[in-house]
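A.B. asks:
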Amino acid sequence: MNKNKNNKLIGILLFSFAVSIASVQAGIAKHLTATVPVTEIVWFRYTGVFIITGLLALFRFKLSKLKPIQIKRQILRGSLMVIATFTFTTATTVMPLANATAVIFAYPFLIVLAAPIMLDEKVDRNNWIAVTVGFLGVLLVIRPGLEGFTWHSILALTAGLCWGIHLLVTRQLTANIDPILLALSTAFIGMVVAGVLMPFVWEPLKLNDFFLLIGLAFVSSLAQITAIAACAQCETSILAPFGYFELISGITVGFFLFGDLPDTVTWLGMSAILICGIYIAILGGRKRVIVGRARPTA
């Protein structure tokens, strides 16, 4: 196995692991929303990640290496991640975890729709068909106009859009920045943003909630670092199909923690999202369009 293939395999394994434990992280956060404000959860999460990744950075690097570079892009990435965290966590206060996770995976379709304007790329007929069927799948999950649809569904879609753009920015940054330092900067931004809001929402914590928040920080740190490391190993277009492991793990975590299982219509919607999303990711990787444009351009 040559080095390039080995790097791809490592990247795929790291990314699959990262998105799988991301569902555990989401499950812990959803459980906490019953007793802890979302802003408080987000602040503890990012503060914990900042402390953990900060200690790792100090252990691994000299202080001179901690000087931030590509600051604007790091702020953009961190801001997108924070918005995605706020909107997704808020969405799960009402939506089942599997449903909210499925809606997030509308992001490849949103990127395809934006491609002609943002990336100056032509989108072929097959991609448009995949996008149409994929969005029909999203509609089956959120069911606008029916009892299952709430403004929380819009929050989940917002989280998906932010997540997709965040992946593109991550690929641009990992060429020059170590994954630990990138996770550190993101955590700092999240800690500051949530910290500004904390005085307005703070509520005393129960002891078991405090320990769950510590666990959330550890799991979040592990997920972030491994996902960023995966993006550094190979192109996002190769990793993208494996991101759908999170949909499977989301269903699993939702069932074991909350007893939630999707109904028949939701299963159909999830299947459409899964098939069309993977198709777009693979086609994009072959033709170097859409998701494949995550390679650094500057």
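Counted from 1, the sequence shown has number 56 at position 56 by our numbering; the numbering is strictly sequential.
Where is the CB? At the ideal position from N, CA and C, for every residue including glycine.
1. In whole angstroms, what separates the C-alpha of Leu-247 from that of Ala-100?
2. Could you name the residues of the same chain whose beta carbon sits closer than 7 Å to that of Ile-10, not counting the 5 residues immediately before and after it, in chain order?
3. Between Phe-255 and Pro-96, what straight-line distance do the alpha-carbon atoms span, to the nearest angstrom?
4. Would you please state the rounded distance, in angstroms, between the beta carbons of Pro-108 and Gly-277? I believe it to be under 8 Å.
5. Just to confirm the assignment, what range does the alpha helix (DSSP H) spanning Val-141 have?
6. Indicate whether at least one CB of chain C lies closer than 8 Å to the CB of Leu-182.
7. Do the stretch 175-189 and the stretch 78-89 meet, that is, are 3 or more Cβ pairs less than 8 Å apart?
8. Less than 8 Å between the CB atoms is what I'm expecting for Ile-177 and Ile-69, so what's the real figure, rounded?
9. Could you tell me whether the stretch 262-276 touches the stretch 40-58, where touching means 3 or more Cβ pairs closer than 8 Å?
10. Applying the criterion that 16 or more other CB atoms from any shown protein chain within 10 Å of the CB defines a buried residue, is Val-196 buried or exposed?
11. Quick one: what does DSSP say Thr-150 is sitting in, helix, strand or coil?
12. By the three-class DSSP mapping on this structure, what secondary structure does Lys-72 have?
13. Just to confirm the assignment, what range does the alpha helix (DSSP H) spanning Phe-242 have?
14. How is Glu-235 classed by DSSP in three states: helix, strand or coil?
15. Give the DSSP-derived three-state secondary structure of Ala-159 in the structure shown.
16. How about Ala-102 and Ala-159: are their beta carbons less than 8 Å apart?
17. If contacts are defined as beta-carbon pairs under 8 Å, then Ala-29 and Thr-90 qualify, I think. What distance do you get, rounded to the angstrom?
18. With the cut-off set at 8 Å, would you say Ile-104 and Ala-156 are in Cβ contact?
19. Does the distance from the C-beta atom of Arg-45 to that of Ala-229 stay below 8 Å?
20. Of all the options Ser-153, Ile-129 and Arg-125, which has the alpha carbon lying nearest to the alpha carbon of Val-138?
21. Distance check for Val-94 and Asn-208, CA to CA, integer angstroms please.
22. What would DSSP say about Asn-6, mapped onto helix, strand or coil?
23. Which residues in the same chain have their Cβ closer than 8 Å to the Cβ of Ile-12, if we skip the five residues on either side of it in sequence?
24. Can you tell me whether Leu-14 is helix, strand or coil according to DSSP?
25. Can you give me the Cβ contacts of Pro-37 inside the same chain, cut-off strictly under 7 Å, excluding the 5 residues immediately before and after it?
26. If you reduce the DSSP assignment to three classes, tell me which class Ile-273 lands in.
27. Is it the case that the Cβ atoms of Ala-34 and Thr-92 are separated by a distance below 8 Å?
28. Is it buried or exposed, Pro-262, if we count other Cβ atoms within 10 angstroms and call 16 or more buried?
29. Among the residues of its own chain, which have a CB less than 8 Å from the CB of Ile-41, if the five just before and after it don't count?
C.D. replies: On the basis of the supplied data:
1. By 1-based counting over the sequence shown, the position of residue 247 is 247. By 1-based counting over the sequence shown, the position of residue 100 is 100. Distance between the alpha carbons of Leu-247 and Ala-100: 9 Å.
2. Along the sequence shown, read from residue 1 onward, the residue named residue 10 stands at position 10. These residues qualify, in order along the chain: Gln-233.
3. Taking the first residue of the sequence shown as position 1, residue 255 is located at position 255. Taking the first residue of the sequence shown as position 1, residue 96 is located at position 96. Distance between the alpha carbons of Phe-255 and Pro-96 is about 9 Å.
4. The residue you call residue 108 lines up with position 108 of the sequence shown. The residue you call residue 277 lines up with position 277 of the sequence shown. Their Cβ separation, rounded to whole angstroms, is 5 Å, which keeps Pro-108 and Gly-277 in contact under 8 Å.
5. As a working note, residue 141 is residue 141 in the sequence shown. Here the alpha helix (DSSP H) through Val-141 covers 125-142.
6. In the structure shown, chain C does not exist; there is a single protein chain.
7. yes
8. In the sequence shown, residue 177 corresponds to position 177, counting from 1. In the sequence shown, residue 69 corresponds to position 69, counting from 1. 7 Å between Cβ atoms; contact.
9. no
10. Your numbering for residue 196 matches position 196 in the sequence shown. Flag for Val-196 reads exposed.
11. Counting from 1 along the sequence shown, the entry for residue 150 is found at position 150. Thr-150: coil per DSSP, three-state reduction.
12. Here residue 72 refers to the residue found at position 72 when the sequence shown is read from its first residue. Helix, per DSSP.
13. Taking the first residue of the sequence shown as position 1, residue 242 is located at position 242. Segment: none, Phe-242 is in no alpha helix (DSSP H) and carries neither H nor E.
14. Counting from one through the sequence shown, the residue named residue 235 turns up at place 235. The answer is coil: DSSP assigns Glu-235 none of H, G, I, E or B.
15. Walking along the sequence shown from the start, residue 159 turns up at place 159. In the structure shown, Ala-159 sits in a helix (DSSP, three-state: H, G or I).
16. Here residue 102 refers to the residue found at position 102 of the sequence shown. Here residue 159 refers to the residue found at position 159 of the sequence shown. No. Outside cutoff.
17. Within the sequence shown, numbered from 1, the residue matching residue 29 stands at position 29. Within the sequence shown, numbered from 1, the residue matching residue 90 stands at position 90. With a Cβ gap of about 10 Å, Ala-29 and Thr-90 do not count as contacting.
18. As a first step, residue 104 must be located in the sequence shown, where it is residue number 104. As a first step, residue 156 must be located in the sequence shown, where it is residue number 156. Yes, the pair counts as a contact, with Cβ atoms nearer than the cut-off.
19. Here residue 45 corresponds to residue number 45 of the sequence shown, with the count starting at 1. Here residue 229 corresponds to residue number 229 of the sequence shown, with the count starting at 1. Cβ distance not < 8 Å, so Arg-45 and Ala-229 don't count as in contact.
20. Along the sequence shown, one-based indexing puts residue 138 at 138. Residue Ser-153 is the option with its Cα nearest to Val-138.
21. As a working mapping, residue 208 is identified with position 208 in the sequence shown. As a working mapping, residue 94 is identified with position 94 in the sequence shown. C-alpha separation (whole angstroms): 22 Å.
22. In the sequence shown, the residue the question calls residue 6 occupies position 6. Looking at Asn-6 - three-state DSSP - the assignment turns out to be helix.
23. Here the question's residue 12 lines up with position 12 in the sequence shown. Taken in chain order, the residues that qualify are Ala-230, Cys-234, Ile-238, Leu-239 and Phe-242.
24. The residue given as residue 14 occupies position 14 in the sequence shown. Helix.
25. The residue given as residue 37 occupies position 37 in the sequence shown. For Pro-37, where only same-chain residues beyond five positions count, the Cβ hits under 7 Å are Val-201 and Glu-203.
26. As a working mapping, residue 273 is identified with position 273 in the sequence shown. Reduced to three states, the DSSP call for Ile-273 is helix.
27. Sequence index remark: in the sequence shown, residue 34 carries index 34 (1-based). Sequence index remark: in the sequence shown, residue 92 carries index 92 (1-based). The answer is no: Cβ separation not under 8 Å.
28. By one-based count along the sequence shown, residue 262 stands at place 262. Pro-262 comes out buried.
29. To locate residue 41, count along the sequence shown from 1; it is residue 41. Correct list, in chain order: Ala-29, Leu-32, Thr-33, Thr-89, Leu-213 and Leu-216.
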